[in-house]
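Here is the structure we will look at, set down as structure tokens.
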Amino acid sequence: MLQALMRPKSIAVIGASRTPGKVGHAILENLLKAGFEGTIIPVNPTADEVLGLRCFPSLAEAETSIELGIIVVPNKSVMEALEHCARAGAQAVIVISAGFKEVNAEGAELERKIAGFCRSRRIRLLGPNCLGIINTENKMNASFAAQMPKPGHISVISQSGALCTAILDWSAFRGLGLAKLISIGNKADICETDLFTELAEDEQTRVIVCYLESITSGDEFVKVAEQVSMKKPVVILKAGTTAAGGKAASSHTGSLAGADIAYGAAFRRSGVIRSDGFEALFDSAMALAMQPLPKGDRIAIITNAGGPGIMAADAIENMGMQVKPLEHALSTALAMKLPAAASVGNPIDVLGDADPERYAVALDAALDDETVDAVLVILTPQAMSNPAGTANAIIKKLRGNKPVVAAFLGGRDVMPAREVFLSANLPEYSSPERAVAAIKSMCEYAVWRNRPPRVVTRFPVNRRRVERIMSRQRRGGRREIGEVEGKEILKAYDFNVLPGVLARTADEAVAFQEKIGAPVAMKIVSPDIMHKSDFGGVKLGLSSADKVRDAYDLMMLRIGRRCPDAELRGVYVEQMCRPGREVILGMSRDPQFGPMLMFGLGGVFVEVMKDVSFYLAPITHEEAMEMLENTRSYALLKGARGEAAVDLHAIADALQRISQLVTDFPQIEEMDINPFIVHEVGSEPVVADARMMLSEG
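If you're matching positions, the sequence shown starts at 211 in the working numbering and goes up one per residue.
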């Protein structure tokens, strides 16, 4: 618990200043202006009094205990201030001061020292290099921000102090209240997961909003965020996700899996609502804080203008939700109450001259309809419009069982309506698209909250066989696991691998072909050649002994010339698989979040279109199916346009087996099964090629 940070009874401001404009002055002034009711102790060796409070030259001379210390002194003096706070019994400190790891190595070392000191004294540390904390519940503004928000139900965690001040200014302009605002700065101790846990139990907080540039511990983040998301929504704006990691990936999966992909996978697993910008961050937060969750994704639109209604309908369908007509009996009854020219479909067009009562009648009908899960009310200010009166009429009809959001387009004319909505906890947006995006975030969160319990299947496998192959690779000093050993590993996890043999001579290749029959496939085997087809190292459909012999000789000769330094171990001769749909299954181990599984359609779909989906391991069967559904090519797999459907559950089964493999063996850093050939329902898929990369350790 962070009681001493969130709700202290006594606060010392070490570095309190008499000079307006100084940070130490602003923090003390903010505590007083906000009406903090606990004890405040200013500390400044050159002042006897600051802002009417007795000031002490040091905390030791105050001869009193404190719960929270706020340190606003040069970085070199922070350690001494911490020692004084510890002797005064502080249970938490906020280090506002900058000049730590954000500037140089010397600052980073100083930060490690102050964090270590706080740990040794069991003092929780917020910062350093932060704005501070605001808690409207107990009238505490322990920050140097210029504004104190009014009480509300959204709590904000931000790694950027500057963004905190922007949020405060924006919320004041919108009249939106906040519960808590916490600037975490460098996160030397207290980080986002500590605060998630704290705010999950905070009665004032309904929604947690977070701006992050980094995550302290990926595993811990996913675990805590998932637990917290079951209690209340977490909405995150994650910045700094365009760098794709510091290594050159050698697999398809590794090259496609960047930092942004990893964060997206982590957020999906943990139920976090991801925002793609500042406006969207609070658009979602307001809807989630103010309205009940929808039971489905069927949206009714009420509008006084055709154009915005069409815009809303387009946005709803583009975001994967539904626009359906009202039930026949309700639309018939509604038609009797509206003008003849009105439309009682969906959108419900109440016409440009609609008064508040007409809106109220339409809203009643939408709320009565069991096939409607949420309602979007749109108004464009026309000569006959009464925006504020309409807002009041809408509020009176709310029942609390379905979410209702508004999009009143315009500026000056609709401002009174926005104030009415805000005072009644009904979210209002400046465009239909923003309103629909907010509804979409509610629907996605509702689906996640109502998902079945996660059950990860454990398959019977031969781990000892894999351990022996891994040990052999390590003893040989090899990180790359090529097709031969890769298929042996997959066979141990019950993947279907067709008969094949490593031929070291043309005679061996011919003998095997004669044993299993034609046609066969032949592929070069070399630890130095990962993408065999790029070097002419793959020959398919060889139907006779002469073709096999010629292919072997030509492959060894030409590749030997093109790659003179490559170690050529021979050619893998394998029974040909019957034609089917080629897909790719893979894994790349993210340094922060661990193994990320990948699925996509093979060929141009992965090479050019990058039509792939990712999910964090371990996965359930439902999550494996979701991976398939999240690709644009899913319709092809289901059998669109006359194509035969493939066995989707067999692909999901294979993804779960990969999930188990890479969880069992964390030394596997990357892997691809490409292609994985799938057929009609009931037919076993085939591993046509596979490769893996082990970690350096």
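The beta carbon of each residue, even a glycine, is placed where N, CA and C say it ideally should be.
Quiz item: Relative to the C-alpha of R791, which residue among S798, E879, A854 and L708 is closest?
Solution: A854
Exercise. Quick one: give me the first and last residue of the alpha helix (DSSP H) that V288 is part of.
Key: V288 to R297
Quiz item: Among I333, L261, G309 and V366, which has the Cα closest to the Cα of C295?
Solution: I333
Practice problem: Quick one: measure Cβ to Cβ for V200 and P805, integer angstroms, because I've assumed they're closer than 8 angstroms. | Solution: Outside the shown range of the chain (211 to 907) lies residue 200, about which nothing can therefore be said.
Quiz item: What's the gap between the Cα of A499 and the Cα of L388?
Solution: 11 angstroms
Self-check item: Inter-residue spacing [alpha-carbon to alpha-carbon] between P895 and V665
Solution: 24 angstroms
Practice problem: Consult DSSP for D800 and reduce its assignment to one of helix, strand or coil. | Solution: strand
Exercise. Could you tell me if F803 is buried or exposed, where buried requires 16 or more neighbouring beta carbons within 10 angstroms of its beta carbon?
Key: buried
Exercise. State whether the region 664-683 contacts the region 542-555, with contact taken as three or more CB pairs (one from each stretch) at a distance under 8 angstroms.
Key: no
Practice problem: Can you grab the Cα-Cα spacing for the pair D857 / V888, in whole Å? | Solution: 7 angstroms
Self-check item: Sub-9 angstroms separation of I425 and A476 beta-carbons
Solution: yes
Self-check item: Span of the beta strand (DSSP E), counted from its first residue to its last, around A352
Solution: M350 to S353
Quiz item: Cα separation between A318 and E312?
Solution: 7 angstroms
Quiz prompt | Local conformation of P566 per DSSP, three classes | solution = helix
Quiz item: Once you ignore the five residues that flank R779 on each side, which residues in its own chain have a CB closer than 8 angstroms to its CB?
Solution: L712, R714, V735, S736 and P737
Quiz prompt | Environment of M881 [buried if 16+ CB atoms lie within 10 Å] | solution = buried
Exercise. Inspect the CB distances between the region 478-491 and the region 564-573 and report whether three or more fall short of 8 angstroms.
Key: no
Exercise. Identify every run of the beta strand (DSSP E) within the region 319-384, keeping only runs that are complete inside it and at least 3 residues long; order them along the chain.
Key: 334-336, 342-345, 350-353 and 364-368
Quiz item: Which of helix, strand or coil does DSSP assign to R479?
Solution: helix
Quiz item: With burial defined as no fewer than 16 other Cβ atoms inside 10 Å of the residue's Cβ, what is the status of D579: buried or exposed?
Solution: buried
Quiz item: Going by other Cβ atoms of all chains shown within 10 Å of its Cβ, with 16 needed for buried, is S905 buried or exposed?
Solution: exposed
Practice problem: Leaving aside the five residues before and after C401 along the sequence, list all residues of the same chain whose C-beta is less than 7 angstroms from its C-beta, in chain order. | Solution: I394 and T426
Exercise. Flag this pair as yes or no: are the beta carbons of G747 and K725 separated by less than 9 angstroms?
Key: no
Self-check item: Collapsed DSSP secondary structure at C420 in the structure displayed
Solution: strand
Quiz item: If we ignore side chains and look at the alpha-carbon of each, how far apart do P518 and K742 end up?
Solution: 55 angstroms
Practice problem: Ignore the nearest five residues each way along the sequence and tell me which others in L750's own chain have a CB closer than 6 angstroms to its CB. | Solution: A731
Quiz prompt | Reference L544, options P597, N528, G516 and L577, closest by Cα | solution = L577
Quiz item: Do the region 240-251 and the region 345-355 touch if we need at least three Cβ pairs shorter than 8 angstroms?
Solution: yes
Quiz item: Would DSSP call Q592 helix, strand or coil?
Solution: coil
Quiz item: Does DSSP put Q877 in a helix, in a strand, or in coil?
Solution: coil
Quiz item: Contact between the region 645-653 and the region 627-634: three or more CB pairs below 8 angstroms?
Solution: no
Quiz item: Mind pulling the beta strand (DSSP E) runs of 3 or more residues that sit fully within the region 610-636?
Solution: 614-618
Quiz prompt | Enclosing alpha helix (DSSP H) for T403 [first to last residue] | solution = E402 to A410
Quiz item: If you draw a straight line from the alpha carbon of K701 to that of I769, how long is it in whole angstroms?
Solution: 29 angstroms
Quiz item: Who pairs with V305 in a beta bridge, going by DSSP?
Solution: I281
Quiz item: Relative to the alpha-carbon of A716, which residue among M765, M529 and R842 has its alpha-carbon at the smallest distance?
Solution: M765
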